[in-house]
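Numbering (this note's numbering), first residue to last: 452 to 733.
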């Protein structure tokens, strides 16, 4: 059995966020910082600069005309949105060299992108929360599983098999085999990486959003996105997604089969282009 922090300690030796991201965080926390300082921090890393400009000029944002400089991107998007965009690309980059033998990494990252888009689309549809922040939180929501399969592949695989054969929720099986859930591990990683306030809370509360406190709505949107991803491709997928949700979250979000269908359709329309953005070689 392990604590979430012990599992995260194993992964921290292999994955870290780039210096440019940490500099952007420092600037955001400094009330006297400027847009131009943030732009300079982004531009200090050529890889991040290229990814930011590629994504900003994509259908994900839909700005008119071509944006050719980081400074213009920051001016148009704002410092917080640029931070979130840099974070999303940095997360994928940090884990690019980690390929647990028992995970199908292409499918894993596709599901992460799908979850992020579902959380983003949900926030936009319901007019609650920050859609771009929700994309990053959705992208990160399942990172605990990547940590588990890297740090304790036998325990993670055994938990999955137990959940399937005994028809019990996966988090219950994870507690039995590893001592914690993937949500708890994801929250521990967000804390270890000193991500913005709320990330760890929302990710940790995704299984039971009412435990999210001030970040309950974010946790609820991740919870909804999880169900949309889990039921993709199933018969009557939208009905299954609604049935799989925590009843209190259904009531809080005033969720319906029709709303889930609208969110799923929006995600399916965006998925190919967004996958190509984050994984251009795929």
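Virtual Cβ for every residue (Gly too), placed ideally from N, Cα, C.
Can you give the Cα-Cα distance for residue 718 and residue 484, rounded to whole angstroms? Residue 718 and residue 484 have their C-alpha atoms some 35 angstroms from each other.
Would the segment 669-679 and the segment 560-569 be scored as touching if the rule is three or more Cβ pairs under 8 angstroms? yes
Are there three or more Cβ pairs, one per stretch, closer than 8 angstroms when the segment 590-607 is compared with the segment 617-636? yes
Does the segment 544-552 come within contact of the segment 453-470, defined as at least 3 CB pairs closer than 8 angstroms? yes
Span of the alpha helix (DSSP H), counted from its first residue to its last, around residue 699: Note, residue 699: alpha helix (DSSP H), 698-704.
Minimum C-alpha distance to residue 691 - residue among 670, 715 and 659: 715
I need the straight-line Cα distance from residue 635 to residue 516, nearest angstrom please. 42 angstroms
Quick check on residue 685: does DSSP put it in helix, strand or coil? coil
Secondary structure at residue 460, three-state DSSP: helix, strand or coil? In the structure shown, the three-state DSSP call for residue 460 is helix.
Does the segment 586-594 touch the segment 610-626, meaning 3 or more C-beta pairs lie closer than 8 angstroms? No, because fewer than three Cβ pairs between the segment 610-626 and the segment 586-594 fall closer than 8 angstroms, the two stretches do not touch.
Other residues of its chain near residue 461: CB distance less than 6 angstroms, five sequence neighbours each side excluded: 602
Residue of 731, 693, 457 and 672 minimising C-alpha distance to residue 585: 672
Does the pairing of the segment 718-728 with the segment 549-567 give three or more beta-carbon distances under 8 angstroms? yes
Who are the near neighbours of residue 492 in its chain, counting only those whose CB is closer than 8 angstroms to its CB and skipping five residues on each side? 471, 474, 475 and 478
Are residue 494 and residue 521 closer than 8 angstroms when you measure CB to CB? yes
Give me, in chain order, the residues of the same chain whose beta-carbon lies closer than 7 angstroms to that of residue 712; leave out the 5 immediate sequence neighbours on both sides. 689
Between which two residues does the alpha helix (DSSP H) holding residue 542 run? 530-545
DSSP-derived helix/strand/coil call for residue 592: coil
Out of 647, 670, 555 and 697, which one is the CA nearest neighbour of residue 656? When 647, 670, 555 and 697 are compared, the shortest CA-CA separation from residue 656 is found for 670.
Using the three-state DSSP reduction, which class does residue 673 fall into: helix, strand or coil? helix
Check whether residue 536 and residue 503 have beta carbons under 8 angstroms apart: Cβ atoms of residue 536 and residue 503: closer than 8 angstroms.
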